[in-house]
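Input: a single structure, listed below in structure tokens.
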Amino acid sequence: MQFLTKISQTALNIEEALEFAQASSNGCANLFVGKVRNNNLGREVLGVSYDAFDPLCINILNEIAIEAIKEFEHRLRIYVSHFKGKLEIGGISVVIAVGSPHRDASFLACRYIIEELKKRAPIWKKEHYIDGDDEWLLGHELEKQ
Amino acid sequence: MTNNINIEIEYFGAFSKFKDETPLILKMPVNSTIQDLKTTLFKALSEFDDGKLEGLIISSAIADDYRIYNKDETISKSGKLAILPPVNGG
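Chains E and X, in that order, are what the protein sequence lines are. Here the first sequence stands for residues 0 to 144, where the numbers follow numbering that gives the first Met the number 0. Here the second sequence stands for residues 0 to 89, where the numbers follow numbering that gives the first Met the number 0.
This is the structure in structure tokens:
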């Protein structure tokens with residue numbers, strides 16, 4: 000298989016991602032690592048909890064990977080893993096690795112995948128604030144018209 | 000005579016607070032639309048309305064394990080469906 004997508008409740012593995020993206024015909028790999036930061040919209044954040052609808056999420060991540068292969072380079076090797084559960088500041092929430100014969104397709108595909116994931120993957124985050132409050136953040140609507 | 004279907008609702012994200020409630024089964028006429036389902040869901044959860052619930056349901060999608068449903072699509076059989084608030088992974 001040319002792509003691997005998963006939702007993980009254990010720490011994400013960057014080495015595994017790069018290893019999957021590797022192929023003897025590939026001249027490069029592009030790596031995106033998303034992390035939890037300590038602030039959002041002026042509020043100090045202690046951590047983030049992630050929820051995901053696993054089976055649908057995998058289907059949609061697979062769709063996105065196939066789109067990237069069709070759009071940018073048919074020899075891409077794509078790895079996408081998203082965390083589910085609670086992370087502290089600096090924790091890794093998402094890892095994307097894209098191996099390609101040439102760098103241009105690798106950069107473009109990696110950017111495409113993270114942007115589409117943010118808009119289409121059924122994943123949600125709840126921020127935990129320093130004042131003890133927490134809040135589910137709202138983002139992109141999924142409903143088809 | 001109207002045939003009914005039973006839809007069990009799965010909750011995610013901002014709806015997670017409802018997971019602790021008894022599993023919610025909505026009884027609806029066969030071939031109800033996704034819009035009908037949302038209206039029925041709002042009525043069923045209205046006792047928990049904090050003033051934001053209706054807007055949250057309107058902005059949410061309905062899906063099964065495989066796909067997101069169109070707003071005008073009809074539901075012909077009983078089963079489990081998920082309500083998905085706006086997403087923000089990454």
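Ideal Cβ placement from N, Cα and C applies to all residues, glycine included. Remember, it's a predicted structure, so these values are computed and weren't measured experimentally.
Original post:
Which chain E residues are close to Ala62 (chain X), counting only those with a beta carbon under 8 Å from its beta carbon?
Top reply: Correct list: Phe52, Leu55, Pro121 and Leu141.
**OP:** With DSSP collapsed to three states, give me the class of Glu114 (chain X).
**Re:** The question about residue 114 (chain X) has no answer here: the residues shown for chain X are numbered 0 through 89.
**OP:** Could you pull out every residue in the same chain whose Cβ sits closer than 6 Å to the Cβ of Arg119 (chain E), ignoring the five residues on either side in sequence?
**Re:** The residues are Ile59.
**OP:** Using three-state DSSP, classify Ile65 (chain E) as helix, strand or coil.
**Re:** Looking at Ile65 (chain E) - three-state DSSP - the assignment turns out to be helix.
Original post:
Would you say His127 (chain E) faces chain X, with C-beta separation under 9 Å as the test?
Top reply: Using a CB distance cut-off of 9 Å, His127 (chain E) does not count as an interface residue toward chain X.
**OP:** Tell me whether Phe19 (chain E) sits in a helix, a strand or coil according to DSSP, three-state version.
**Re:** Phe19 (chain E) carries a helical assignment under DSSP once its states are collapsed to helix, strand and coil.
Subject >> Segment contact, 8 Å Cβ cut-off, at least three pairs: the stretch 96–110 of chain E with the stretch 40–47 of chain E >> reply: Of all C-beta pairs linking the stretch 96–110 of chain E to the stretch 40–47 of chain E, fewer than three are shorter than 8 Å, placing the two stretches out of contact.
Subject >> Nearest-angstrom Cβ-Cβ length linking Ser105 (chain E) and Val94 (chain E), presumed shorter than 8 Å >> reply: About 15 Å separates the beta carbons of Ser105 (chain E) and Val94 (chain E), which is beyond the 8 Å limit, so they are not a contact pair.
Original post:
Closer than 9 Å, CB to CB, is Phe17 (chain X) near chain E or not?
Top reply: For Phe17 (chain X), the answer is no, since every Cβ of chain E falls outside 9 Å of its Cβ.
Original post:
Over what stretch of residues does the beta strand (DSSP E) that includes Phe31 (chain E) continue unbroken?
Top reply: It spans Cys27 to Lys34 - the beta strand (DSSP E) in which Phe31 (chain E) sits, taken as one unbroken run.
Original post:
What in chain E is Cβ-close to Phe11 (chain X), meaning under 8 Å?
Top reply: Phe11 (chain X) reaches chain E at Asp50, Ala51, Phe52, Pro121 and Trp123, counting residues in chain order whose Cβ is nearer than 8 Å.
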